[in-house]
Amino acid sequence: MALRRGIMNIFNSISNIRIGRRLIGGFIIVTILMAFVGVVGFLGMNSVSIGMDKVYSDGTVPLYEVTSIETSLNSIRALTFRTAALPAEREQDEKRMQDEIAKIDAHIGELKTAELTPEEKVNLSKFEGQWTTYKSAAQEVFTLLKAGKTKEGLTSIANGGNHANARRATAGTFEDLKTGILTNSKRIAANGHAEMERTIPLMAALAVFVVILAMGLAILITRSITLPLYQVMNQFDSMTRGEISGRLYLNRTDEIGDMAGMIDRFSDYLEHDVVGTMHRIAAGDLLATIENRGAKDQITPAFTETLTALNHVIVELKNLVDRTSMGDLSVKGSPGDLQGSYRDIILGFNRTLGAIINPLSGAIALSKDYSECNFAARFPSDIKVEGDFCEFRSALNTIGDEISKSLALVSGQLNDLSSHASHASVGIEDVRRGAKEISSKADMTNTNAQRSEDGIEQVLKAMEDLTVTVTSISSNVDAVAQAGTNADNLAKKGIISSSLADEGMSKIKESSVEVERTIKDIQGQMAEITNIIKIITDISEQTNLLALNAAIEAARAGDAGLGFAVVAGEVKALANQTGDSTQKIALMISGLESQSAKAVAAMDEAAKAVNQGEGALKETVETFADLTKAVEEISHNMNTVAGAIEEQAASFEEITASVTDMSGFIKETVKDALNSSATAEEAINVVEQITGIINEINEVVDVTSTEMKRFVLS
């Protein structure tokens, strides 16, 4: 545990060292270790090199010199025998011998400077003395042979001669010297090999130790870097998944600690500033801004551009809504500098307004023609309509057709009513004349009755006249009764005509109801549009979520995803703008529904007017009904008069039967005559009332006919 704790302390201490210093320190330590290994290796190799130098200087060089001396000795020996055999080349051989002698002297000088053992030095000194004797003997041979003393020269060369003895002595000493040098060289080589065998394992062990130490240091430094880097990578991975609430909180003072702090601050910036501002914008706070974080800040300008475009769209849509709500149907949205989907929204809204306003303009123009009584007008053919507006156009044209048919029917019925009223006027005039005649006859009856009191003689004559008068009165009463019957029939025809007019007004009312139903159907279609707008709103919310996920994925990508993050922000802003636009459109649809409701109210007013016209027709029908009752009352009165006349005739018969009762009957006759006169006056008054009613009907018919002439029918 203590070791583990110590390692952790060392690890934490290393973690607080800056990565550059840590790596440099690690490199320095590794370099020191490698230098140590190099120094040790250098020392070992130097020792080996010294041994090799010793092999060279104390073994190889003397051996080379000895070998060279041996070669030169053999050459001198050969030249000596050759010069005796080849006198012609003696001079050349002598020169070559002198060269070999010089070489041997030089090699002996080199051997004297070499590191030799004491034994080798003794042998070298002995060889040097013998070499001097041998050299002199060889030169003497050449001198004797050149002097022509061939025998002496050959004697010196032969066994027992000076040259031969000196050569053998030199060869024996030289062999001892060579053997000593070879032995010493082998010993030096063996020592060098042993030194190398000692140095190589030491260097290998030291190298393994240094490698292990360097690997441990490398692992320690690497883990001090990679472990926090894994934490940073995991944090980045979480951020790419949209999890920006996590923090590293690494308590380190190196670059990774600085990077972790930057990531934590960036997460704070994303969570509180960027995402928080996006939530505020999504909630409708278009005044939300992000503080600019530097000259190279790309997020804030992107947000600013997005908000500017969004505000432009909203201001333009608000202007469209305000002007259209005030009845300005010519308004068009200006996309200005807007691009992409923002521009498409304004242009699409213009197309939507055009698709709604153009049919409404045609409906307004047609309604204006209808208001000017021009029911021959139809929906303008140059206005293109689609979808439900086709039914709207057909319904408006159907209104003109149906109203034209109804008004044509009403006009015909009014003409019939006017004709029947004229006939009724003629009949009533006959009734008036009959009533006046009855009144006149009643007065005459009264006069005759008064005269009958003057004398019985005149009674019979008066009674005869009265009988004639009563007969005439009876005929006139029958005529009046017939005229009353005719007037009653005409009044009933007036009732029928008024009923037909009432049916025409009912059809007008039904047409108005049909128009109202059509507008309500339009309101239903607007409700469907509202539902579609709700679906679009849901889609914009889903797009908002997708854009947010895309922004999170872009954040995971780091700098490489900045452009994608901007696009994702624009998509999200577009989704928010689409949601706001759908809300605005919903408000416009609500306004259209309000206008449709006003249209329904206007149709209700038209229905009320139709109801008033229907009421007027009903009053006309009631007037004709009253007229019928009055005529029936006149007929009843005429029947009463006829009964009175019949009673008078019976009285006259009784007068003729009994003169004694004449006075009483005359009084009754006077009374009946007065009653007849009063009844006739009442009949005249009723006829006057009927005449007034018929005149009023004629005036209504004239006014209605005049008004009907204003209508242009198809």
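Quick note, our numbering runs 820 ahead of the 1-based positions in the sequence shown. Idealized CB from N, CA, C, for every residue including glycine. Note that the structure is predicted; figures quoted are calculated from it, not measured.
Taking the Cβ atom as the reference point for each residue, do Thr993 and Gln950 lie within a distance shorter than 8 Å? Here the question's residue 993 lines up with position 173 in the sequence shown. Here the question's residue 950 lines up with position 130 in the sequence shown. Result yes, Cβ atoms of Thr993 and Gln950 sit closer than 8 Å.
Would you give the residue range spanned by the alpha helix (DSSP H) that Leu899 belongs to? Taking the first residue of the sequence shown as 1, we reach residue 899 at position 79. Per DSSP, Leu899 belongs to the alpha helix (DSSP H) from 881–905.
Excluding five sequence neighbours on each side, which residues of the same chain lie with their C-beta closer than 6 Å to the C-beta of Glu1063? On the sequence shown, residue 1063 is found 243 positions in, with the first residue counted as 1. So the list is empty, once near-sequence residues are dropped.
Nonlocal neighbours in the same chain, by C-beta distance under 6 Å from Ser976, ignoring five residues either side: On the sequence shown, residue 976 is found 156 positions in, with the first residue counted as 1. Closer than 6 Å at Cβ, skipping near neighbours: Val961, Asn982, His983.
Euclidean distance between Cα positions of Leu965 and Ser895: Numbered from its first residue, the sequence shown carries residue 965 at position 145. Numbered from its first residue, the sequence shown carries residue 895 at position 75. Between Leu965 and Ser895, the C-alpha separation is close to 18 Å.
Between Ser1231, Lys1225, Ala1175, Ser1191, which has its C-alpha nearest Cys1210's C-alpha? Indexing the sequence shown from 1 puts residue 1210 at position 390. Closest option to Cys1210, Cα to Cα, is Ala1175.
In angstroms, rounded to a whole number, what distance separates the CA positions of Ser1087 and Met1079? Start at 1 with the first residue of the sequence shown, and residue 1087 comes out as number 267. Start at 1 with the first residue of the sequence shown, and residue 1079 comes out as number 259. Answer to the nearest angstrom: the Cα atoms are 12 Å apart.
Rank Lys1354, Ile844, Ile1219 by C-alpha distance to the C-alpha of Asp1038 and give the top, closest one. On the sequence shown, residue 1038 is found 218 positions in, with the first residue counted as 1. First, the residue type needs correcting, since residue 1038 is Ala and not Asp in the sequence shown. Checked all of Lys1354, Ile844, Ile1219; the closest Cα to Ala1038 is Ile844.
CA-CA distance, Val1133 and Asp1148? Start at 1 with the first residue of the sequence shown, and residue 1133 comes out as number 313. Start at 1 with the first residue of the sequence shown, and residue 1148 comes out as number 328. Approximately 19 Å between the Cα atoms of the pair.
Inter-residue Cα distance where the pair is Ser945 and Leu893: Here residue 945 is taken as the residue at index 125 of the sequence shown, counted from 1. Here residue 893 is taken as the residue at index 73 of the sequence shown, counted from 1. Near 17 Å, if we compare the C-alpha coordinates of Leu893 and Ser945.
For the region 903–976, list the alpha helix (DSSP H) runs that are entirely contained and at least 4 residues long, ordered along the chain. 910–933, 938–966
Range of the contiguous alpha helix (DSSP H) that encloses Arg1018: Start at 1 with the first residue of the sequence shown, and residue 1018 comes out as number 198. That run of the alpha helix (DSSP H) goes 982–1060.
May I ask you to report which of helix, strand or coil DSSP gives Gly1114? For the purposes of this step, residue 1114 is identified with residue 294 of the sequence shown, where counting begins at 1. Correct three-state label for Gly1114: coil.
On the premise that Glu1136 lies in contact with Gly1153, defined as a C-beta separation below 8 Å, what is that separation, rounded to the nearest angstrom? Translated into positions along the sequence shown, residue 1153 becomes position 333. Translated into positions along the sequence shown, residue 1136 becomes position 316. Their Cβ separation, rounded to whole angstroms, is 5 Å, which keeps Gly1153 and Glu1136 in contact under 8 Å.
Would you call the region 1189–1201 and the region 1219–1227 in contact, with 3 or more CB pairs under 8 Å? yes
Among the candidates Ala1103, Ser1065, Asn979, whose CA atom is the shortest distance from the CA of Arg1085? Residue 1085 sits at position 265 when you count from the first residue of the sequence shown. It is Ser1065 whose Cα lies nearest to the Cα of Arg1085.
Between Ile1166 and the rest of its own chain, which residues show a CB-CB distance below 6 Å, the 5 nearest in sequence each way excluded? As a position in the sequence shown, residue 1166 is number 346, starting the count at 1. Here the set comprises Glu1136, Gly1153, Pro1155.
When burial is assigned at 16 or more other CB atoms within 10 Å of the CB, is Pro882 buried or exposed? By 1-based counting over the sequence shown, the position of residue 882 is 62. By the neighbour-count rule (16 or more Cβ atoms within 10 Å), Pro882 is buried.
Sequence-distant residues of the same chain with beta carbon closer than 7 Å to Ile1119, five excluded per side: Within the sequence shown, residue 1119 is the residue found at index 299, counting from 1. Same-chain partners within the cutoff: Val1094, Ile1110.
Tell me whether Met1059 is buried or exposed, calling it buried when 16 or more other Cβ atoms sit within 10 Å of its Cβ. In the sequence shown, the residue the question calls residue 1059 occupies position 239. It is buried - the Cβ of Met1059 has at least 16 other Cβ atoms within 10 Å.
Who are the near neighbours of Asn943 in its chain, counting only those whose CB is closer than 7 Å to its CB and skipping five residues on each side? Counting from 1 along the sequence shown, the entry for residue 943 is found at position 123. Excluding residues within five positions, the ones whose Cβ falls inside 7 Å are Thr993, Asp996, Leu997, Gly1000.
Helix, strand or coil for Lys1354? Go by DSSP, reduced to three states. Numbered from 1 along the sequence shown, position 534 holds the residue referred to as residue 1354. Reduced to three states, the DSSP call for Lys1354 is helix.
Cβ-Cβ separation, Val1030 to Val857 (assumed contact under 8 Å), whole Å: Taking the first residue of the sequence shown as position 1, residue 857 is located at position 37. Taking the first residue of the sequence shown as position 1, residue 1030 is located at position 210. Indeed they touch by this definition, with Cβ atoms about 5 Å apart.
If the criterion is Cβ atoms closer than 8 Å, does the pair Tyr954 and Thr990 meet it? Along the sequence shown, one-based indexing puts residue 954 at 134. Along the sequence shown, one-based indexing puts residue 990 at 170. Yes. Within cutoff.
Residues in the same chain with beta-carbon distance under 6 Å from Pro1048, minus the five sequence neighbours each way, listed in chain order, please. Here the question's residue 1048 lines up with position 228 in the sequence shown. Once the five neighbours on either side are set aside, the close Cβ partners of Pro1048 are Leu1070, Ile1076.
Lys1006 to Glu940 span [Cα, whole Å]: Numbered from 1 along the sequence shown, position 186 holds the residue referred to as residue 1006. Numbered from 1 along the sequence shown, position 120 holds the residue referred to as residue 940. Going from the Cα of Lys1006 to the Cα of Glu940 covers about 14 Å.
Rounded to a whole number of angstroms, what is the C-alpha to C-alpha distance between Gly840 and Arg1043? Position 20 of the sequence shown, counted from the start, is the residue given in the question as residue 840. Position 223 of the sequence shown, counted from the start, is the residue given in the question as residue 1043. Those two C-alpha atoms are separated by around 15 Å.
For Met1023 versus Val860, is the C-beta spacing smaller than 8 Å? Here residue 1023 corresponds to residue number 203 of the sequence shown, with the count starting at 1. Here residue 860 corresponds to residue number 40 of the sequence shown, with the count starting at 1. Cβ distance < 8 Å, so Met1023 and Val860 count as in contact.
Just the C-alpha distance for Asn1515 and Ser1150, rounded to the nearest angstrom, thanks. Here the question's residue 1515 lines up with position 695 in the sequence shown. Here the question's residue 1150 lines up with position 330 in the sequence shown. Each residue's Cα considered, the two are about 52 Å apart.
At which residue ranges does the region 1063–1138 contain complete alpha helix (DSSP H) runs of 4 or more residues, listed in the order of the chain? 1075–1088, 1096–1102
Whose C-beta lies closer than 7 Å to the C-beta of Ala958 among residues of the same chain, with five residues either side of it excluded? Indexing the sequence shown from 1 puts residue 958 at position 138. Around Ala958: Ile896, Thr900, Met917, His983.
Excluding the 5 residues flanking Glu920 on each side, which residues of the same chain have their C-beta closer than 6 Å to its C-beta? To locate residue 920, count along the sequence shown from 1; it is residue 100. Closer than 6 Å at the Cβ level, and outside the excluded window around Glu920, lie Ser892, Ser895, Ile896.
Within this structure, are the beta carbons of Gly853 and Leu1033 separated by less than 8 Å? On the sequence shown, position 33 is the one that residue 853 refers to. On the sequence shown, position 213 is the one that residue 1033 refers to. The sequence shown places Leu at residue 853, rather than the Gly named in the question. Yes, the pair counts as a contact, with Cβ atoms nearer than the cut-off.
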